[in-house]
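In my numbering, the protein residues as written are 228 to 843.
Glycine is no exception: its CB is placed at the ideal position from the N, C-alpha and C atoms.
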């Protein structure tokens with residue numbers, strides 16, 4: 228029998244390795260930005276075209292590479308970060324595996340320009356699918372410029388799996404945020420299709436967070452500082468009232484490296500226990516500094532997972548630090564009804580000593596002293612006699628029954644009318660055919676038995692079909708606001724809103740401006756209260772991020788589902804008999820009354836025979 232095991236060629240091995248390292252354009256952005264950071268760059272530019280499918284280019288002013296290093300950088304397991312296996316436990320750089328550039332070059336067209344400060348000319352290398360097309364001397368500034376074009380050009384199946392440009396751009400922005408937040412002392416700029424998305428100058432950590440997520444973020448942040456023998460914690464957590472429905476603003480950094488850790492995330496959630504609603508997620512931007520020997524980064528090629536030596540200690544310290552910060556800045560409530568907040572001493576005064584108060588007294592001041600001005604006497608007290616004081620009461624006394632008020636003819640202001648859920652309709656005296664059970668279900672009788680309807684799901688179905696009709700027919704009615712409503716969102720959230728702007732306007736929303744982290748709304752759909760606009764839009768953004776729609780996804784359908792879920796009556800809301808009947812009639816007027824927009828049952832039936840069997 229002949230031998231069947233053979234050594235794979237390098238270009239095939241690189242394509243296999245690329246499947247782990249390069250999953251989408253955002254993976255290329257991450258690897259190239261981290262290489263620029265390791266090169267001690269102080270200014271980094273990221274240029275994107277067609278959400279990275281056509282071009283991903285990173286320009287830095289780092290140390291650069293010699294001609295030999297530039298050529299070796301595209302070989303597998305070639306790296307300048309480590310020399311031996313022991314170096315894996317004392318890492319201070321982002322990369323160390325030596326696979327990124329080789330994997331990228333195997334599935335794309337790569338052009339590299341690099342020059343060291345001591346050299347007059349730099350090096351140009353062009354590679355297509357692991358095959359070197361050119362290597363020559365070129366004129367280039369100090370640093371490295373690397374352009375990745377036509378990603379997955381030789382693996383069309385992988386290219387077909389990519390999502391829409393909007394989704395891929397959102398993943399790239401996420402990776403950009405992670406690197407930019409970890410290095411506030413480095414300036415970053417990002418451009419997409421010729422337009423500038425971010426321009427971040429060197430700053431401190433708080434300013435970097437505010438510049439990325441908007442100016443309104445500044446009022447949401449609570450500082451967290453703690454230093455122990457095991458680790459050092461620094462950063463910020465968000466106030467409980469600003470908790471979000473998604474985890475889009477949760478960042479853990481260990482030794483300036485972004486990581487994902489459900490265990491540490493649970494520690495932060497435990498610190499917010501009782502302060503935020505169920506289903507909401509706290510905001511946090513936390514940096515953990517630990518001994519490199521106590522962690523293992525070499526678990527996954529993406530290097531976003533870390534193994535800690537003593538996770539339980541880290542959990543306890545992190546949870547206590549966050550709770551201490553929330554209490555220190557009076558974020559957590561205090562159950563002491565006799566507590567006077569005016570007697571609080573500011574926290575930064577804890578090491579400040581007491582000072583003897585100084586009192587200044589004007590010993591020449593005499594309130595009873597008389598002053599003479601231009602020959603007239605002016606005293607501190609002026610005595611005045613009021614003549615005919617009894618005339619003040621003229622007309623108030625009763626003058627017989629002729630002036631007596633008849634309160635039976637007095638008209639009082641009527642009680643304010645309360646708006647009903649389904650509008651004011653003329654009420655007719657009818658027998659009650661529906662009953663509300665536990666403020667959750669509506670029970671109605673039918674010929675064969677009994678009908679039990681979930682009021683929340685039923686109203687979702689009614690609103691969903693109504694919204695779809697208004698968006699497709701384009702006949703939505705808008706109510707203009709007397710004062711424009713201003714809301715603040717992050718850059719990534721604004722990208723989603725701009726994508727859905729046409730569909731939102733078809734439902735009745737009117738936007739005057741959507742720019743620079745601020746949205747100004749001048750009109751609302753007639754069934755949307757002004758107080759719930761921010762909740763509806765946040766829920767919509769959350770649904771879009773969680774569902775991750777691809778190119779064939781209907782944004783109109785998702786918008787209708789999200790708005791129906793936000794506007795539908797909630798469990799626990801009491802309905803009048805008229806509202807109950809209106810809900811039942813509207814439900815069975817829908818095209819699909821049996822299921823909600825999320826394909827969950829809206830009602831169940833119970834036959835009379837089934838009820839009879841319960842009494843046997």
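**Request:** Excluding the 5 residues preceding and the 5 following residue 443 in the sequence, name in chain order all residues of the same chain whose CB lies nearer than 7 angstroms to its CB.
**Result:** Annotation for residue 443: 715 place their beta carbon closer than 7 angstroms to its own, counting only its chain and skipping 5 residues before and after.
**Prompt:** Hey, quick one: how far does the alpha helix (DSSP H) through residue 485 stretch, first residue to last?
**Reply:** No alpha helix (DSSP H) contains residue 485, which is instead part of the beta strand (DSSP E) from 484-486.
**Distance between residue 587 and residue 593 (C-alpha atoms, nearest Å)** = Rounded to the nearest angstrom, the gap between the Cα atoms of residue 593 and residue 587 is 16 angstroms.
**Message:** With the cut-off set at 8 angstroms, would you say residue 514 and residue 461 are in Cβ contact?
**Reply:** Judged by beta-carbon spacing, residue 461 lies within the 8 angstroms limit of residue 514, meaning their Cβ atoms are closer than that value.
**Request:** Taking residue 422 as the reference, give the member of 585, 723, 277 with the closest Cα.
**Result:** The shortest C-alpha separation from residue 422 is found at 277.
**Request:** Closer than 6 angstroms by C-beta to residue 367: which residues in its own chain qualify, once you throw out the five before and the five after it? Chain order, please.
**Result:** Cβ contact annotation for residue 367 (same chain, cutoff 6 angstroms, sequence separation greater than five): 340, 342, 349, in chain order.
**Request:** Would you tell me roughly how many angstroms separate the C-alpha atoms of residue 300 and residue 380, rounded to the nearest one?
**Result:** In a straight line, the C-alpha of residue 300 is about 21 angstroms away from that of residue 380.
**Message:** Taking only three categories from DSSP, how would you classify residue 661?
**Reply:** The answer is strand: DSSP assigns residue 661 an E or B state.
**Asked** In whole angstroms, what is the alpha-carbon distance linking residue 866 and residue 589?
**Response** With the chain covering only 228 through 843, there is no way to say anything about residue 866.
**Item:** Inter-stretch contact (C-beta, 8 angstroms, three-pair minimum) for the region 679-686 and the region 783-790
**Value:** They do not touch, by the three-pair rule.
**Nearest to residue 420 (by Cα), restricted to the options 410, 281, 829** = The option with the nearest alpha carbon to residue 420 is 281.
**Asked** Do you know whose CA, among 250, 759, 814, 232, lies nearest residue 378's CA?
**Response** The shortest CA-to-CA distance from residue 378 to any of 250, 759, 814, 232 is the one to 250.
**Asked** Can residue 507 be considered in contact with the ligand NAP, in the sense that its beta carbon sits closer than 7 angstroms to one or more heavy atoms?
**Response** Absent from the structure shown: the ligand NAP. Ligands present: none.
**Prompt:** In its own chain, which residues sit with a C-beta less than 6 angstroms from the C-beta of residue 800, not counting the 5 before and 5 after it?
**Reply:** Same-chain partners within the cutoff: there are none.
**Message:** residue 437 and residue 264 - do their beta-carbons sit closer together than 8 angstroms?
**Reply:** Taking 8 angstroms as the Cβ cut-off, residue 264 and residue 437 do not qualify as a contacting pair.
**Contacts around residue 257, its chain only, beta-carbon distance under 6 angstroms, and the 5 residues preceding and following it disregarded** = Apart from the 5 residues on each side of it in sequence, residue 257 sits with its Cβ closer than 6 angstroms to the Cβ of 402 in its chain, given in chain order.
**Prompt:** Where does residue 512 fall in DSSP's three states?
**Reply:** Taken through DSSP and simplified to helix, strand or coil, residue 512 comes out as strand.
**Item:** Whole-angstrom distance between residue 669 and residue 833, CA atom to CA atom
**Value:** Between residue 833 and residue 669, the C-alpha separation is close to 13 angstroms.
**residue 415 classed as buried or exposed, judged by whether at least 16 other C-beta atoms fall within 10 angstroms** = In this structure residue 415 is buried. Its beta-carbon is surrounded by 16 or more other beta-carbon atoms within 10 angstroms.
**Item:** Assigned exposure category for residue 267 - 16 Cβ within 10 Å defines buried
**Value:** Result: exposed.
**Asked** What three-state label does DSSP hand residue 778 in the structure shown?
**Response** Here the model assigns residue 778 a pLDDT of 43, short of 50, so the residue's position is not dependable, and the following value carries that caveat. Note: residue 778 maps to coil in three-state DSSP.
**Request:** Look at residue 721 and residue 751 and say whether their C-beta atoms are less than 8 angstroms apart.
**Result:** Cβ distance not < 8 angstroms, so residue 721 and residue 751 don't count as in contact.
**Message:** On the DSSP bridge list, what partners appear for residue 681?
**Reply:** DSSP lists 668 as partners of residue 681.
**Message:** List, from N- to C-terminal side, the beta strand (DSSP E) runs of 3 residues or more that fit wholly inside the region 720-763.
**Reply:** Here the runs fully enclosed are 737-742, 745-752.
**Request:** Please report how far the alpha carbon of residue 533 lies from the alpha carbon of residue 411, in whole angstroms.
**Result:** Between the alpha carbons of residue 533 and residue 411 lies a distance of about 22 angstroms.
**Asked** Identify the residues that DSSP records as bridge partners of residue 285: which are they?
**Response** Note: residue 285 sits in a beta bridge opposite 273, 373.
**Closest residue to residue 542 among 271, 828, 359, 490 (Cα-Cα distance)** = Checked all of 271, 828, 359, 490; the closest Cα to residue 542 is 490.
**Item:** DSSP bridge partner residues for residue 417 (one or two, in chain order)
**Value:** Residue pairing by DSSP places residue 417 opposite 273, 425 in a beta bridge.
**Asked** Counting Cβ pairs, one atom from each stretch, are 3 or more of them under 8 angstroms apart for the region 544-555 and the region 449-457?
**Response** These segments touch.
**Message:** Suppose the cutoff is 6 angstroms on Cβ atoms and the five residues either side in sequence are ignored; what does the same chain contact list for residue 476 look like?
**Reply:** So the list reads 510, once near-sequence residues are dropped.
**Prompt:** Out of 737, 757, 814, which has the shortest C-alpha to C-alpha gap to residue 704?
**Reply:** When C-alpha distances from residue 704 are compared across 737, 757, 814, the shortest belongs to 737.
**Prompt:** Does DSSP classify residue 257 as helix, strand or coil?
**Reply:** Assignment of residue 257 by DSSP, reduced to helix, strand and coil, places it in the helix class.
**Request:** Helix, strand or coil for residue 836, going by three-state DSSP, please let me know.
**Result:** Correct three-state label for residue 836: helix.
**Asked** Out of curiosity, what's the CA-to-CA distance linking residue 333 and residue 284?
**Response** Separation of residue 333 and residue 284 (C-alpha to C-alpha, rounded to the nearest whole angstrom) is 17 angstroms.
**Asked** Who pairs with residue 802 in a beta bridge, going by DSSP?
**Response** Answer by DSSP bridge pairing: none, since residue 802 is not bridged.
**Item:** Inter-residue spacing [alpha-carbon to alpha-carbon] between residue 836 and residue 466
**Value:** Rounded to whole angstroms, residue 836 and residue 466 show a C-alpha spacing of 56 angstroms.
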